[in-house]
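Since the structure comes first, as C-alpha cells, the remarks are kept for the end.
There are 2 protein chains.
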Amino acid sequence: MRITIKDVAKKANVSTATVSLVINKNRRISRETRRRVQKTIDELGYQPSRTARDLVSRKSGNVGFILTEDHFLKTEPFYTQIFLGAEFEARQHPYYVLLSMIPADYSEHDMLPRFVLENSVDGIIIAGKVPGGLIRKLRKYSTPIVYVDYYPDEGDHAAVLIDNLNGGILAVQHLVDCGHSKIAFICGDIEHPSIRDRFLGYKTVLDKNGIQFSDEHVVITDKVICQESGYDSVKKLLKNNTKFTAVFACNDAMAIGAVQCLKDNALRIPEDVSIIGFDDIQMDVMVDPPITTIQVPKVDMGSEAMKLISEILGRKVQNTRKILMPVSLVERQSTCKV
Amino acid sequence: MRITIKDVAKKANVSTATVSLVINKNRRISRETRRRVQKTIDELGYQPSRTARDLVSRKSGNVGFILTEDHFLKTEPFYTQIFLGAEFEARQHPYYVLLSMIPADYSEHDMLPRFVLENSVDGIIIAGKVPGGLIRKLRKYSTPIVYVDYYPDEGDHAAVLIDNLNGGILAVQHLVDCGHSKIAFICGDIEHPSIRDRFLGYKTVLDKNGIQFSDEHVVITDKVICQESGYDSVKKLLKNNTKFTAVFACNDAMAIGAVQCLKDNALRIPEDVSIIGFDDIQMDVMVDPPITTIQVPKVDMGSEAMKLISEILGRKVQNTRKILMPVSLVERQSTCKV
DNA sequence: CTGAAAGCGCTAACAT
DNA sequence: ATGTTAGCGCTTTCAG
Numbered sequence: 001m002r003i004t005i006k007d008v009a010k011k012a013n014v015s016t017a018t019v020s021l022v023i024n025k026n027r028r029i030s031r032e033t034r035r036r037v038q039k040t041i042d043e044l045g046y047q048p049s050r051t052a053r054d055l056v057s058r059k060s061g062n063v064g065f066i067l068t069e070d071h072f073l074k075t076e077p078f079y080t081q082i083f084l085g086a087e088f089e090a091r092q093h094p095y096y097v098l099l100s101m102i103p104a105d106y107s108e109h110d111m112l113p114r115f116v117l118e119n120s121v122d123g124i125i126i127a128g129k130v131p132g133g134l135i136r137k138l139r140k141y142s143t144p145i146v147y148v149d150y151y152p153d154e155g156d157h158a159a160v161l162i163d164n165l166n167g168g169i170l171a172v173q174h175l176v177d178c179g180h181s182k183i184a185f186i187c188g189d190i191e192h193p194s195i196r197d198r199f200l201g202y203k204t205v206l207d208k209n210g211i212q213f214s215d216e217h218v219v220i221t222d223k224v225i226c227q228e229s230g231y232d233s234v235k236k237l238l239k240n241n242t243k244f245t246a247v248f249a250c251n252d253a254m255a256i257g258a259v260q261c262l263k264d265n266a267l268r269i270p271e272d273v274s275i276i277g278f279d280d281i282q283m284d285v286m287v288d289p290p291i292t293t294i295q296v297p298k299v300d301m302g303s304e305a306m307k308l309i310s311e312i313l314g315r316k317v318q319n320t321r322k323i324l325m326p327v328s329l330v331e332r333q334s335t336c337k338v
Numbered sequence: 001m002r003i004t005i006k007d008v009a010k011k012a013n014v015s016t017a018t019v020s021l022v023i024n025k026n027r028r029i030s031r032e033t034r035r036r037v038q039k040t041i042d043e044l045g046y047q048p049s050r051t052a053r054d055l056v057s058r059k060s061g062n063v064g065f066i067l068t069e070d071h072f073l074k075t076e077p078f079y080t081q082i083f084l085g086a087e088f089e090a091r092q093h094p095y096y097v098l099l100s101m102i103p104a105d106y107s108e109h110d111m112l113p114r115f116v117l118e119n120s121v122d123g124i125i126i127a128g129k130v131p132g133g134l135i136r137k138l139r140k141y142s143t144p145i146v147y148v149d150y151y152p153d154e155g156d157h158a159a160v161l162i163d164n165l166n167g168g169i170l171a172v173q174h175l176v177d178c179g180h181s182k183i184a185f186i187c188g189d190i191e192h193p194s195i196r197d198r199f200l201g202y203k204t205v206l207d208k209n210g211i212q213f214s215d216e217h218v219v220i221t222d223k224v225i226c227q228e229s230g231y232d233s234v235k236k237l238l239k240n241n242t243k244f245t246a247v248f249a250c251n252d253a254m255a256i257g258a259v260q261c262l263k264d265n266a267l268r269i270p271e272d273v274s275i276i277g278f279d280d281i282q283m284d285v286m287v288d289p290p291i292t293t294i295q296v297p298k299v300d301m302g303s304e305a306m307k308l309i310s311e312i313l314g315r316k317v318q319n320t321r322k323i324l325m326p327v328s329l330v331e332r333q334s335t336c337k338v
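Just so you know, the sequences run in chain order A and B. Numbered by our numbering, the letters in the first sequence go through residues 1 to 338 in order. Numbered by our numbering, the letters in the second sequence go through residues 1 to 338 in order.
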C-alpha cells in the first residue's frame with residue numbers, strides 16, 4: 001500500500017490524529033478542516049490500511065462462514081444463496097467473510113477451520129446442520145456464533161431460522177383447503193429441528209381440522225433427503241396400499257421424486273394426487289407439473305445472519321436472539337381441489 | 001488476541017526477535033533455544049497475530065476469488081467445486097480466500113469488489129467468464145490475477161484452463177471410433193475460448209478421419225447454455241432434416257437437453273443416436289441413459305489456481321504461465337457402436 | 001478543536 | 001547465536 005495517513009496529514013497541514021478523526025467521521029472536527037482533509041484524501045486517493053486498523057483495534061475484520069462440503073456442493077443452490085446474502089450484506093459492514101467447508105463426517109480429531117485456529121475471525125456464521133464435534137470444539141474459542149437454518153440442541157444460541165412450523169401449517173392447510181383429508185407426510189431425518197417443526201405443522205393442521213392423524217400416512221426415511229428417497233417413500237406408501245390423495249414432502253427434492261414415482265405408477269398429478277413441497281428450489285418449475293411449495297427467503301437469511309453477527313460484534317455482547325424468517329405459499333400446478 | 005510474542009519471550013528468557021525467528025523456522029537459531037522457545041509456545045498456546053504480521057510485511061494475507069453471481073448460483077456445482085479446490089489448497093499457503101460475486105451484467109459503473117478497493121487482497125483468482133468491464137477496471141490495480149476456466153482475449157495472463165481442444169478431440173474421436181461419421185455439434189457462445197477449442201477439436205478429428213465437415217451439422221445458439229438450449233438445438237437439427245447418428249454437445253447440460261428432445265421424437269439413445277457431452281456433471285448419472293462425457297478436474301483446477309497465484313505472490317513476479325488441465329473420456333450409456 | 005506521542009504485535013536490520 | 005531497536009499505519013488518550 002502506497003500512500004498513508006501521514007501523507008494526507010502533511011499535505012493537509014494537520015496531524016495524523018486529525019485525519020484519523022475525519023476518516024472515522026468524528027464530529028469534533030471543524031467543518032472547515034474536515035472539508036480540507038477530505039479533499040486531500042480524495043486527491044491522493046488515500047485508502048486507510050485495514051491491517052493497521054485491525055492491529056490497533058485488535059480485531060480481524062473477518063467473519064467466518066462454515067458449512068459442510070456436501071451442503072456447499074449441493075446441486076440445488078440453497079446454502080450458496082444464503083452465503084450470497086451474507087456476503088452482500090457484509091459489504092455494508094466492516095467485515096470480510098471467509099468461507100470454509102468442513103467434511104460432512106467431521107470428527108473431533110479433524111482440524112478446525114484455519115481461520116479460527118489462527119484467531120482470524122471476530123465472529124462465525126454456521127449454515128446448515130454441522131457435526132456436533134465441530135460445535136463442541138468451537139466452544140473452546142469464545143468467538144460469537146450465529147447459526148442459520150439449524151441450531152444445536154444444547155445451549156442457547158443466536159440463530160436465523162425458517163419458520164418451519166408455520167411453513168408446515170401453510171402447506172397442509174392449503175391441502176386441506178383443497179379438500180384433502182388423506183394426506184401423507186414424507187420426510188428424512190426427523191431429528192433435524194426443521195423437519196420436526198414441519199411435521200409438527202402437519203399434525204397441527206390435521207388436528208385443527210378434525211382430521212385423524214394416522215401413522216401409516218407418514219414415511220420417515222433415514223437415508224439422505226433427495227429425489228430418490230422421495231421416490232422410495234411414495235413407493236412404500238403405494239406398496240402398503242395406504243390411501244392418500246395428497247402428499248406433503250418435507251422438501252422439494254423429495255416432492256420431485258414423489259411426483260416421479262406417482263407418474264411411474266400411472267397416477268396423474270394433481271388430478272389423482274396433489275403434492276406440495278418445501279423450499280422453493282429452482283427445479284420446481286422445470287419439472288412437470290411445476291411444484292406447489294413453501295417459499296423460503298434464502299438470500300435474506302444470509303443477510304439477516306450477517307446483520308445479527310455484526311450487531312453482536314458491535315455491541316460486544318453475545319445475545320441469543322432467534323430470528324424466524326417468514327415463509328409463504330407458492331401455488332403451482334402440483335396441487336388442486338379434489 | 002491475548003498472549004503475545006513478548007509473553008513467550010519473557011517466559012523463555014529470550015528476546016522477541018528470537019521467538020520470531022523460531023516461529024519463522026529460521027535456521028540460525030541453536031537447536032537448544034529453538035526447542036525451549038517452541039516448548040513455551042506450546043505451553044502458552046501462543047498464536048502469532050496475522051494482523052501484526054501482515055502490517056509489517058505489508059501484505060493482506062488474502063486472495064480474492066471473483067466470479068459472477070449466476071456462475072456461483074448455478075444448479076450444477078461447477079464453479080463451487082473450483083472454489084472448494086482453491087480454498088482447500090489455500091490451507092497450505094499463508095492465505096485466506098475472500099469470495100466475491102459480481103453481477104453477470106457488470107458494467108464499468110458498478111463497484112469493484114470491496115476487497116480490491118480497500119487493497120485487502122494480495123492476489124486475485126477470477127473464475128469463469130466475467131464481463132470485460134470488470135477486467136478493465138481491475139487493471140488499474142496492480143494486483144496479480146490468475147484466471148481459471150476463462151481467459152481474456154487481450155493481454156497475456158496466468159491461467160488454469162481445461163484442455164478443451166484435447167477434450168473435443170477425445171469426444172469426437174470416441175464417436176468416430178464407434179463408427180459414426182454424421183456427427184452434429186451443438187453449442188452456445190462460440191466466442192467463448194472453451195467452446196471455440198472444443199469446436200476446433202471436433203473439426204480436427206473430422207479432418208483427421210477424412211470426414212467432410214458440414215455446416216449443417218453445427219448448431220450455435222446464442223441463448224444461455226442450458227438444457228433448454230440443448231433441446232432446441234436438436235429440435236432445429238430434426239426440423240432441418242439433417243442426417244446425424246451422433247451429437248457432440250459442448251457441455252453436459254446441453255447434452256441432457258438433447259437427449260430429452262430425441263426421446264420426445266421417439267428416437268432411442270444410444271441405438272438411434274449417440275450423445276456425448278462435456279464436463280462430467282453430477283446429473284449425468286441421474287438421467288436415462290447416463291451420459292458419456294469428458295471429465296474435467298474441477299477441484300484440481302481450483303487448487304492449481306491457488307498454487308499458481310501463491311507462487312506468483314511469493315516470487316513477486318507476474319508470470320503468464322498457462323496450465324492446461326488434462327481431461328479424460330468417461331464412457332457411459334449414451335454412446336455405442338453404430 | 002487539534003496536535004503530540006504512545007503503542008497495537010510483529011519483523012528485520014543492525015549490533016553484540 | 002541472540003539481543004536491541006526502529007518502524008509497519010493507524011487509533012487514542014492526554015495536553016494544549
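Just so you know, even glycine gets a beta-carbon here, dropped at the ideal spot from N, CA and C.
- With contacts defined by Cβ atoms closer than 8 Å, B/M101 and B/T68 form a contacting pair.
- Going by DSSP, A/F185 is part of the beta strand (DSSP E) stretching over I183 to C187.
- Using a Cβ-Cβ cut-off of 8 Å, B/S100 counts as an interface residue toward chain A, since at least one Cβ of chain A sits closer than that to its own.
- Within the same chain, and ignoring the five residues on either side of B/S181 in sequence, the residues whose Cβ sits closer than 6 Å to its Cβ are I211.
- DSSP places B/I162 in the strand class (E or B) of the three-state scheme.
- Using a CB distance cut-off of 8 Å, B/N119 counts as an interface residue toward chain A.
- Contact of B/E76 with chain A is assigned, a C-beta pair being separated by under 8 Å.
- Note on A/N251: 16 or more other CB atoms within 10 angstroms of its CB, so buried under the neighbour-count rule.
- Comparing alpha-carbon positions, the option among A/P326, A/K137, A/Q47 and A/A159 lying closest to B/V116 turns out to be A/Q47.
- Linking A/R136 to A/S49 through their CA atoms gives a straight-line distance of about 35 Å.
- The Cβ-Cβ distance between B/N62 and B/L98 falls below 8 Å.
- Distance between B/K236 and B/D264, taken at the CA atoms: about 14 Å.
- The segment 201 to 208 of chain A and the segment 164 to 180 of chain A touch, with three or more beta-carbon pairs separated by less than 8 Å.
- By the Cβ-count criterion, A/F213 is exposed, with fewer than 16 other Cβ atoms from all chains shown falling within 10 Å of its own Cβ.
- Of all alpha-carbon atoms in A/F248, A/R196, A/A52 and A/P152, the one lying nearest the alpha-carbon of A/V176 is that of A/F248.
- About 7 Å separates the beta carbons of A/V296 and A/M325, which is inside the 8 Å limit, making them a contact pair.
- Using a Cβ distance threshold of 8 Å, B/S303 and B/A86 count as a contacting pair.
- At a cut-off of 8 Å, the C-beta of B/T51 has a neighbouring C-beta in chain A.
- At a C-beta separation below 8 Å, B/D163 has no neighbours in chain A, since its nearest C-beta there lies roughly 24 Å away.
- Beta-bridge pairing by DSSP links A/V218 to A/F185.
- The C-beta distance from B/A253 to B/I220 rounds to 15 Å, too long to fall under 8 Å, and the pair is not in contact.
- Counting along the chain, A/A127 sits inside the beta strand (DSSP E) bounded by residues G123 to A127.
- In chain order, F244, T245, A246, V247, L262 and L267 place their CB closer than 8 Å to the CB of A/V273, counting only its own chain and leaving out the 5 sequence neighbours on each side.
- Any Cβ of chain B closer than 8 Å to the Cβ of A/F115 would place that residue at the interface, and such an atom is present.
- The continuous beta strand (DSSP E) containing A/F248 extends over residues A246 to A249.
- Put simply, of B/E118, B/P103 and B/Q81 the residue whose alpha carbon is nearest the alpha carbon of A/I3 is B/E118.
- Interface flag for B/L73 against chain A is set, since a Cβ pair is found closer than 8 Å.
- Boundaries of the alpha helix (DSSP H) harbouring B/S303: K298 to R315, taken from the DSSP string.
- B/T293 carries a strand assignment under DSSP once its states are collapsed to helix, strand and coil.
- DSSP, reduced to helix, strand and coil, places B/T33 within a helical segment of the structure shown.
- Among the residues facing chain B, A/L55 is included, as its CB has a counterpart in that chain under 8 Å away.
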